[in-house]
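**Student:** Residue numbers 0 to 316, in numbering that gives the first Met the number 0, belong to the letters of the sequence shown in order.
Yeah, the Cβ is synthetic: ideal placement off N, Cα and C, and Gly gets one too.
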Amino acid sequence: MLLKIRPATLDDVAGITEVHCSDIDRWFKWEDGERVEARYEELSVEERFEHGGPWMSVETCAVHLNYVLTSGQYPLVAELDGKIVGELELYIGDERSVLGKTAFIDILFIHKNYRRKGIGRALIDKARKLAMKKHCNTLSVWPERDAIPFYRKCGLNKTAFEITYIIIKVGHCKNLEGRGKREPFPDNYNALREMYFISPRIGSAYTIWLKSRWIFALKETRIVFDEGYLPKYEAMYIIESLWRKRRDARLIFWIDDLGNLPEALSLVCYRARRKGFERLHMFVEKDIYEDFIKEKFPHEVRGSELVLMEKLTCPDD
Numbered sequence: 000m001l002l003k004i005r006p007a008t009l010d011d012v013a014g015i016t017e018v019h020c021s022d023i024d025r026w027f028k029w030e031d032g033e034r035v036e037a038r039y040e041e042l043s044v045e046e047r048f049e050h051g052g053p054w055m056s057v058e059t060c061a062v063h064l065n066y067v068l069t070s071g072q073y074p075l076v077a078e079l080d081g082k083i084v085g086e087l088e089l090y091i092g093d094e095r096s097v098l099g100k101t102a103f104i105d106i107l108f109i110h111k112n113y114r115r116k117g118i119g120r121a122l123i124d125k126a127r128k129l130a131m132k133k134h135c136n137t138l139s140v141w142p143e144r145d146a147i148p149f150y151r152k153c154g155l156n157k158t159a160f161e162i163t164y165i166i167i168k169v170g171h172c173k174n175l176e177g178r179g180k181r182e183p184f185p186d187n188y189n190a191l192r193e194m195y196f197i198s199p200r201i202g203s204a205y206t207i208w209l210k211s212r213w214i215f216a217l218k219e220t221r222i223v224f225d226e227g228y229l230p231k232y233e234a235m236y237i238i239e240s241l242w243r244k245r246r247d248a249r250l251i252f253w254i255d256d257l258g259n260l261p262e263a264l265s266l267v268c269y270r271a272r273r274k275g276f277e278r279l280h281m282f283v284e285k286d287i288y289e290d291f292i293k294e295k296f297p298h299e300v301r302g303s304e305l306v307l308m309e310k311l312t313c314p315d316d
């Protein structure tokens, strides 16, 4: 059998959707506020999206893939005897961290009937070659826990970040009415490039920023409730809703000086509370959590994650 790794195009949407849907054994829809089992064909586009994101239907997968391509990023597909059996999405951007200019593997998914055949490794090898061609310093990934050994064997065997997943209880944060002028969020990544990326540190800074600009016309999808620049603290933030959790939001956050982090985060928590949220979800580098958040904010720790990387030596042109 002939395995081919190539750039994805919009003509591949149906095949990519089939790959991602292969992992779903049971489908559900909503009836009178209850979640009931149903056939795939009975689900709305939004109900399909809820099972795993934009890859769950050709409609939203086409929108997503178009965003990736028109943003100049790198979706790859694995084709076995003409059939798409795997997909990898690679995002390249630079940031102020150990990653430097990094090629971040945001998605790697293999059809469930074609796993353990070397397809995932072949996609990573192609991504690595592309990253080196683009003169990246690192190849990086946020792996699921059971996939960590696989990525280490594929060469991503260095720990870039140890991450602490926390939920801040914003209702207990102090009132900061009138503290800190807010300006519009910047319209390009250049304003963020030299800042520390605080949360969610499970992705590369560029990937998180880029995807925060993408919108799907679905009722329950991500909604940005507040975003802006806090010049007093030289901090940028985005407060986004979570799927079907009206009182919970996730925070996307950059800051120029870590010393300003406690005050800036306090102001963002206050703004989240004013928007009706009770809890703010963050994925923060362990050392930053210990030094600037642990003893200063009411919160609960929900877990820990790793970001892995491989340092690259790029060939001369």
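(1) If the criterion is Cβ atoms closer than 8 Å, does the pair Gly-85 and Phe-108 meet it?
(2) Considering just the uninterrupted stretch of the alpha helix (DSSP H) at Glu-193, what are its terminal residues?
(3) What do you get for His-313, buried or exposed, if any count of 16 or more other CB atoms within 10 angstroms of its CB means buried?
(4) Per DSSP, Tyr-232 is paired with what?
(5) Identify which residue in Tyr-269, Tyr-236, His-280, Arg-272 has its Cα closest to the Cα of Ala-248.
(6) Per DSSP, which one or two residues make a beta bridge with Ser-240?
(7) Check whether the Cβ atoms of Glu-40 and Gly-170 lie closer than 8 Å to each other.
(8) Please name the residue, chosen from Glu-33, Ser-43, Gly-81, Pro-53, that lies closest to Met-0 on a Cα-to-Cα basis.
(9) Opposite Lys-157 in the DSSP bridges: which residues?
(10) How many angstroms separate the CA atom of Ala-204 from the CA atom of Arg-5?
(11) Nearest to Ile-197 by CA position, among Glu-94, Cys-135, Gly-119, is which residue?
(12) Could you name the residues of the same chain whose beta carbon sits closer than 6 Å to that of Ala-234, not counting the 5 residues immediately before and after it, in chain order?
(13) Per DSSP, what kind of secondary structure is Ala-121 in: helix, strand or coil?
(14) Please check the pair Ile-91 and Tyr-73, which I expect to be a contact at CB under 8 Å, by giving their CB distance rounded to whole angstroms.
(15) What are the complete beta strand (DSSP E) segments, minimum 3 residues, inside the segment 94 to 155?
(16) Helix, strand or coil, according to DSSP, for Leu-260 in the structure here?
(17) Would you report the Cα separation of Glu-49 and Glu-17, rounded to the nearest angstrom?
(18) Give me whichever residues DSSP pairs with Met-281 in a beta bridge.
(19) Take every Cβ of the segment 50 to 61, pair it with every Cβ of the segment 31 to 38, and state whether three or more of those distances are shorter than 8 Å.
(20) Let me confirm a value: His-298 is counted as buried when at least 16 other C-beta atoms fall within 10 Å, else exposed. Which label applies?
(21) Does the pairing of the segment 107 to 121 with the segment 280 to 296 give three or more beta-carbon distances under 8 Å?
(22) Which residue comes first and which comes last in the beta strand (DSSP E) that contains Ile-4?
(23) In chain order, what residues of the same chain lie with their CB nearer than 8 Å to the CB of His-134, ignoring the 5 residues before and after it?
(24) Measure the alpha-carbon distance for Glu-46 versus Glu-289 and round it to whole angstroms.
(25) Answer yes or no: do Leu-307 and Lys-157 have a C-beta to C-beta separation smaller than 8 Å?
(26) From what residue to what residue does the alpha helix (DSSP H) around Tyr-73 run?
(27) DSSP puts Phe-27 in a beta bridge; with which residues?
(28) What is the DSSP secondary structure of Leu-42, reduced to helix, strand or coil?
(29) Looking at the structure shown, is Trp-213 part of a helix, part of a strand, or coil, going by DSSP?
(30) If you drop the 5 nearest sequence neighbours on each side, which residues of the same chain put their C-beta closer than 7 Å to that of Lys-3?
(31) Measuring alpha carbon to alpha carbon, tell me which residue in Ala-190, Thr-69, Asp-22 is nearest Asn-112.
(32) Based on the DSSP output, what are the partners of Val-223 in its beta bridges?
**Tutor:** Inspection of the coordinates gives the following:
(1) Judged by their CB atoms, Gly-85 and Phe-108 are nearer to each other than the 8 Å cut-off.
(2) From DSSP, Glu-193 is part of no alpha helix (DSSP H); its letter is neither H nor E.
(3) Correcting the residue type first, residue 313 is Cys in the shown sequence and not His. It counts as exposed.
(4) Per DSSP, none; premise fails for Tyr-232.
(5) His-280
(6) Ala-248
(7) no
(8) Gly-81
(9) Bridge partners of Lys-157 according to DSSP: Met-308.
(10) 26 Å
(11) Glu-94
(12) Ile-254, Ala-263
(13) helix
(14) 7 Å
(15) 100 to 109, 137 to 140
(16) helix
(17) 16 Å
(18) Within the DSSP bridge table, the entry for Met-281 names Ile-165 as partners.
(19) no
(20) buried
(21) no
(22) 2 to 6
(23) Lys-100, Cys-313
(24) 39 Å
(25) yes
(26) Careful: Tyr-73 lies outside any alpha helix (DSSP H), inside the beta strand (DSSP E) at 73 to 79.
(27) Glu-36
(28) coil
(29) coil
(30) Same-chain partners within the cutoff: Glu-78.
(31) By alpha-carbon distance to Asn-112, the top candidate from Ala-190, Thr-69, Asp-22 is Asp-22.
(32) Glu-239
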